[in-house]
Amino acid sequence: MTPWQAAAPYLAAARPSRPASLPPQPDTAARPGVALSGIPRQRGLRAWVAKLAVWLQCAAERSRGRRRLAEMDARMLRDIGISTTEREAEVRKWCWQV
Numbered sequence: 000m001t002p003w004q005a006a007a008p009y010l011a012a013a014r015p016s017r018p019a020s021l022p023p024q025p026d027t028a029a030r031p032g033v034a035l036s037g038i039p040r041q042r043g044l045r046a047w048v049a050k051l052a053v054w055l056q057c058a059a060e061r062s063r064g065r066r067r068l069a070e071m072d073a074r075m076l077r078d079i080g081i082s083t084t085e086r087e088a089e090v091r092k093w094c095w096q097v
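For the sequence shown, numbering that gives the first Met the number 0 assigns the number 0 to the initial residue and increments by one for each residue that follows.
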């Protein structure tokens, strides 16, 4: 017996009852590929594509921030507490460098 099967009766008892107007939902508590919320976990290609999309968004945001930093003059850099050498070091980084 898997831990999911052992916990299924307790999880079913802890779930709130569904109104009669909603269609019955399958019991997903005893299935290892499904999260307790009933949403399937992402695996394989779909999960990889989702992670890649998040990474690309982060890389684009870093690139935009570095472009804005490159456009700042000495007064603006003083306001945020960055020297021109620190700015140049940050601007020279590639988008995948953190």
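For every residue, glycine included, the Cβ atom is placed at its ideal position computed from N, Cα and C.
Check                                                                                                              : Outcome
Delimiting residues of the alpha helix (DSSP H) encompassing Thr45                                                 : Sequence inspection shows Arg at residue 45; the Thr mentioned does not correspond to that position. Counting along the chain, the alpha helix (DSSP H) containing Arg45 begins and ends at Gly43 to Glu70.
contact_flag[the region 87-95, the region 59-75] where n(CB pairs < 8 Å) is 3 or more                              : yes
Beta-carbon spacing of Glu89, Arg65 below 8 Å                                                                      : yes
Nonlocal neighbours in the same chain, by C-beta distance under 8 Å from Ala73, ignoring five residues either side : Thr83
Separation of Val53 from Met71, as counted between CA atoms                                                        : 28 Å
Leu74, enclosing alpha helix (DSSP H) - first and last residue                                                     : Residue identity differs from the one stated: residue 74 is Arg in this sequence, not Leu. Its alpha helix (DSSP H) spans residues Ala73 to Ile79.
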